[in-house]
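Engineer:
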Amino acid sequence: MKGTQRLADLKVMTGDQIEQEILNLKKEQFNLRFRRATGQLENTARVRVVRRDIARLKTIAAQQRGAAAK
12 MKGTQRLADL KVMTGDQIEQ EILNLKKEQF NLRFRRATGQ LENTARVRVV
62 RRDIARLKTI AAQQRGAAAK
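Using this note's numbering, read the sequence shown as starting at 12 and increasing by one per residue.
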C-alpha cells in the first residue's frame with residue numbers, strides 16, 4: 012500500500028488480500044526500522060504512516076470477521 016489507500020478501497024478487499032497487505036507492510040516496517048537504526052532513513056514520517064496503515068488493516072479485518080460471524 013504505497014501511500015495511503017482510500018478506506019473504501021480497503022473495505023472491499025478480501026480477507027486474504029488484507030492479510031497479504033499486512034504482511035507486506037510488516038516487511039516494510041522492518042526495513043524502515045533497520046534503516047532508521049543504521050542512520051540511512053531519510054523519511055522518518057513513513058514509519059508512522061506504515062504503523063497506522065497496519066492498524067487500519069487489522070481493524071478492517073476484525074470488522075469483517077465480526078460481520079461474518081453474525
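By construction, the Cβ of each residue, glycine as well, lies at the ideal position given by its N, Cα and C atoms. The structure presented is a predicted model; accordingly, all values stated were derived computationally and were not measured.
1) Here's the rule I'm using: 16 or more other beta-carbon atoms within 10 Å means buried, otherwise exposed. How should GLU32 be labelled?
2) How many whole angstroms separate the CB atoms of ARG44 and THR55, which I take to be in contact at a CB cut-off of 8 Å?
3) Do VAL61 and LEU36 have their beta-carbon atoms positioned less than 7 Å apart in this structure?
4) Could you pull out every residue in the same chain whose Cβ sits closer than 8 Å to the Cβ of GLU39, ignoring the five residues on either side in sequence?
Structural biologist: Judging by the given coordinates:
1) buried
2) About 11 Å separates the two Cβ atoms, so there is no contact after all.
3) yes
4) VAL61
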